[in-house]
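A.B. asks:
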Amino acid sequence: MAGGFGNVKLETEDEKVWSICRMPFWNSTTISSDVDNNSNMHHQTQLGFDTASTHHHHSSTSLSSLAMSLLPTRRRLSLDPTNKLFFPYEPGKQARSAVRIKNISKTHVAFKFQTTAPKSCYMRPPGGILTPGESSLATVFKFVEPPVKGEKFLGQKSRVKFKIMSLKVEPGTDYIPELFDEQKDQVLVEQILQVVFLDKEGPSRELEKLNSQLVEAEAELETHKNRQEDSGPRIVGEGLIIDEWKERRERYLARQQVEGLELV
């Protein structure tokens, strides 16, 4: 029996204990690597989560911006009529139309007219400032050109258009047209009004409403004039009723006189 184990070294009890105690130290490198791998995996997972969260945040912001850009711009003014200016068709004469402008916002708003035909059209008033809830009935004047042979204008849209712009202003601001040049980024185009001619002799709902508005506009003008007379001298820039056409004509005649003198 003893000879069968001659090449085998038997461990004593003390050697077995020492051998068992040394095993953790032999495998320390392997255990450390496992810990590092687990830590790296956790870090990568956390990093991936943060990246996904950031990407989701940017995506949400982009979608919100896109949604806001697609929403219709909130208007400051309401118009009546909403998108047309009706004129009685009187070739060779100056015709009148009217549009009521109301401030539907919660702030003071300046408004201004522009037209594609400044030589034959003007507005009264050409602009002004409205307090919240306030309205103004503007009168629009247009010289109606005689028709060229074969042309028909009744019930048809003219090429002439009017644009109404708005600008938010602080209370106490005096109206001057230059406000719209100084704050171009804040200017909002409220509406582009198309000119439509009506038969003066034929009855129509639009013509009846127009005549009623013109009467109201004259009454408002008289009230405005009386208020200005009672309040003292008029100051340019405080919403005066200015006949732009008349001033333009006077400047034109003055230039013609100067040019005529130079030629002589």
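Numbering (our numbering), first residue to last: 7 to 270. For glycine and all other residues, C-beta sits at the position ideal for the given N, C-alpha and C.
Shortest alpha-carbon distance to P153 belongs to which of Y95, L83, K125?
C.D. replies: Taking the sequence shown and counting its residues from 1, one reaches residue 153 at position 147. Taking only the C-alpha atoms, the option nearest P153 is Y95.
A.B. asks: Please list, in chain order, all residues of the same chain as T88 whose beta carbon is under 8 Å from its beta carbon, the five residues on each side excluded.
C.D. replies: By 1-based counting over the sequence shown, the position of residue 88 is 82. Same-chain partners within the cutoff: Q197.
A.B. asks: Output yes or no for whether 8 Å exceeds the beta carbon distance between T121 and V195.
C.D. replies: Residue numbering aside, residue 121 sits at position 115 when the sequence shown is read from its first letter. Residue numbering aside, residue 195 sits at position 189 when the sequence shown is read from its first letter. Not in contact: T121 and V195 (Cβ atoms no closer than 8 Å).
A.B. asks: Can you find the residues in the same chain that come closer than 8 Å, C-beta to C-beta, to P5, ignoring five residues on each side of it along the sequence?
C.D. replies: Residue 5 is absent from the structure shown; the chain starts at 7 and stops at 270.
A.B. asks: With a threshold of 16 other CB atoms inside 10 Å of the CB of A225, please say whether the residue is buried or exposed.
C.D. replies: Within the sequence shown, the letter at position 219 stands for residue 225. Flag for A225 reads exposed.
A.B. asks: For a test of the three-state rule: what should DSSP assign to Q189, helix, strand or coil?
C.D. replies: Against the sequence shown, residue 189 aligns to sequence position 183. Coil.
A.B. asks: Is it true that the CB of V193 sits closer than 8 Å to the CB of F203?
C.D. replies: Walking along the sequence shown from the start, residue 203 turns up at place 197. Walking along the sequence shown from the start, residue 193 turns up at place 187. No.
A.B. asks: Look at L83 and N109 and say whether their C-beta atoms are less than 8 Å apart.
C.D. replies: Along the sequence shown, one-based indexing puts residue 83 at 77. Along the sequence shown, one-based indexing puts residue 109 at 103. Yes, these two residues count as a Cβ contact at 8 Å.
A.B. asks: Since V105 and V146 should fall inside the 8 Å C-beta cutoff, what is the C-beta to C-beta distance between them, to a whole number of angstroms?
C.D. replies: Here residue 105 refers to the residue found at position 99 when the sequence shown is read from its first residue. Here residue 146 refers to the residue found at position 140 when the sequence shown is read from its first residue. Rounded, the Cβ-Cβ distance is 7 Å, consistent with contact.
A.B. asks: How close, in whole Å, do the beta carbons of K148 and F93 come, if the pair is a contact with beta carbons under 8 Å?
C.D. replies: Translated into the one-based positions of the sequence shown, residue 148 becomes position 142. Translated into the one-based positions of the sequence shown, residue 93 becomes position 87. Sure, about 6 Å apart at Cβ, within 8 Å.
A.B. asks: Can you name, in chain order, every residue of its own chain whose Cβ lies under 8 Å from the Cβ of Q100, other than the five neighbours on each side?
C.D. replies: Working through the sequence shown from its first residue, we reach residue 100 at position 94. Counting only Cβ-Cβ distances below 8 Å, and skipping sequence neighbours, we find F147, K148, F149, V150.
A.B. asks: Taking the C-alpha atoms as reference points, what is the distance between M171 and E207?
C.D. replies: Within the sequence shown, the letter at position 165 stands for residue 171. Within the sequence shown, the letter at position 201 stands for residue 207. C-alpha separation (whole angstroms): 33 Å.
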